[in-house]
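Peer 1:
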Amino acid sequence: MPPGSQRVVELGAGTGAITDALLRHGIQPQALLAVEMNPVLHRLLQRRFPDTHVACGDARHLHTLVHATRTFAPGQVDVVCSSLGLLTMPHDLQHDILTAAFQVLHPQGVFIQYTYGPNHPLDDGVRQQLGLECRRVGLAWRNLPPARVYVYSRRA
Ligand SMILES: C[S@@+](CC[C@H](N)C(=O)[O-])C[C@H]1O[C@@H](n2cnc3c(N)ncnc32)[C@H](O)[C@@H]1O
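At position 36 of the sequence shown (counting the first as 1) the number is 37 in my numbering, and the numbers step up by one without a gap.
#1: Quick check: the Cα distance between Gly27 and Thr20, rounded to an integer number of angstroms?
#2: Just grab the DSSP bridge partners of Val10 for me.
#3: For a test of the three-state rule: what should DSSP assign to Ile19, helix, strand or coil?
#4: Can Glu134 be considered in contact with ligand 1, in the sense that its beta carbon sits closer than 8 Å to one or more heavy atoms?
#5: Can you tell me whether Thr16 is buried or exposed, with buried defined as 16 or more other CB within 10 angstroms of its CB?
#6: Considering only heavy atoms of ligand 1, does any lie closer than 8 Å to the CB of Thr16?
#7: Give a yes or no on contact between the stretch 43-50 and the stretch 80-100, applying the rule of three or more CB pairs nearer than 8 Å.
#8: Any heavy atom of ligand 1 closer than 8 Å to the CB of Arg61?
#9: Can the beta-carbon of Val41 be found closer than 9 Å to that of Leu23?
#10: Closer than 8 Å to a non-hydrogen atom of ligand 1 - does that hold for the CB of Gly2?
#11: Using a threshold of 8 Å, is the CB atom of Val55 nearer than that to any non-hydrogen atom of ligand 1?
#12: Ligand 1 and Gly27: does any heavy atom of the ligand fall closer than 8 Å to the residue's C-beta?
#13: Run the CB neighbour count on Gly139, radius 10 Å, all protein chains shown included, and call it buried at 16 or more, exposed below.
#14: Per DSSP, His54 forms a beta bridge with which residues?
#15: May I ask you to check if the CB of Leu85 is nearer than 8 Å to at least one heavy atom of ligand 1?
#16: Going by CA-CA distance only, name the one from Tyr117, Arg149, Ala157, Thr116 that's closest to Glu134.
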């Protein structure tokens with residue numbers, strides 16, 4: 002997580018492993034919005050994290066979800082952290098999700114993606130179309146299998 006990050010959105014929060022790690026890392030519950038489209042997992046997340054904003058919806062509609070939950074104003078988010086299976090998604094869906102994420106991020110905000118595959122999780126054509134640059138920042142060895150971490154930001 003970049004130093005000073007305060008307002009965080011997590012996409013595809015699932016059962017909450019990353020949500021829990023973000024909170025333990027010091028992100029304030031009220032400054033975290035976890036998004037999950039599966040209603041069963043959404044309810045589980047609500048029970049597990051009663052002080053955190055948890056939205057049931059599609060990451061493609063992030064702008065509306067941020068607005069509806071009144072967590073923070075769109076354009077003020079520091080980090081969108083994604084646990085989505087981006088690698089296996091069609092390119093137009095990748096495009097729509099990344100577009101939605103960069104709509105809520107502030108100009109220096111970053112999109113962080115965890116992935117288990119050896120390849121870049123975002124299609125290169127989509128990355129170029131959206132004017133993004135990418136850097137790999139690490140390998141989470143404690144994960145099984147180890148997760149690669151990529152950071153996407155607007156090209157300077
Ligand atoms: C790899 S799992 C998340 C793993 C998570 N870190 C955990 O602890 O369980 C990906 C999650 O993304 C959700 N998901 C997939 N597509 C989505 C979308 N378009 N919008 C929101 N959530 C989505 C799935 O329902 C699934 O729970």
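C-beta: ideal position from N, C-alpha, C; glycine also.
This one's a predicted model, so the numbers in the text were calculated from it and none came from an experiment.
Peer 2: Reading off the structure:
#1: Thr20 has its alpha-carbon roughly 11 Å from the corresponding atom of Gly27.
#2: Looking at the DSSP output, Val10 shares a beta bridge with Leu34, Val81.
#3: Ile19 falls in the helix class under three-state DSSP.
#4: In this structure, the C-beta of Glu134 stays at least 8 Å away from each heavy atom of ligand 1.
#5: Exposed, because fewer than 16 other Cβ atoms sit within 10 Å of the Cβ of Thr16.
#6: True, at least one ligand heavy atom lies under 8 Å from that Cβ.
#7: With a cut-off of 8 Å, the stretch 80-100 and the stretch 43-50 do not count as touching, because too few Cβ pairs lie within range.
#8: Indeed, a heavy atom of ligand 1 lies less than 8 Å from the Cβ.
#9: Against a cut-off of 9 Å, the Cβ pair of Leu23 and Val41 comes out as no contact.
#10: Checking the displayed sequence, the identity of residue 2 turns out to be Met instead of Gly. It does not: the Cβ of Met2 is nowhere closer than 8 Å to a heavy atom of ligand 1.
#11: For ligand 1, not one heavy atom lies less than 8 Å from the Cβ of Val55.
#12: Flag unset: Cβ of Gly27 not near ligand 1.
#13: Counting Cβ neighbours within 10 Å, Gly139 comes out exposed, since fewer than 16 surround it.
#14: In the DSSP output, where bridge partners are listed per residue, His54 has Leu34.
#15: It does: the Cβ of Leu85 is within 8 Å (strictly closer) of some heavy atom of ligand 1.
#16: Ranking Tyr117, Arg149, Ala157, Thr116 by CA distance to the CA of Glu134 puts Ala157 first.
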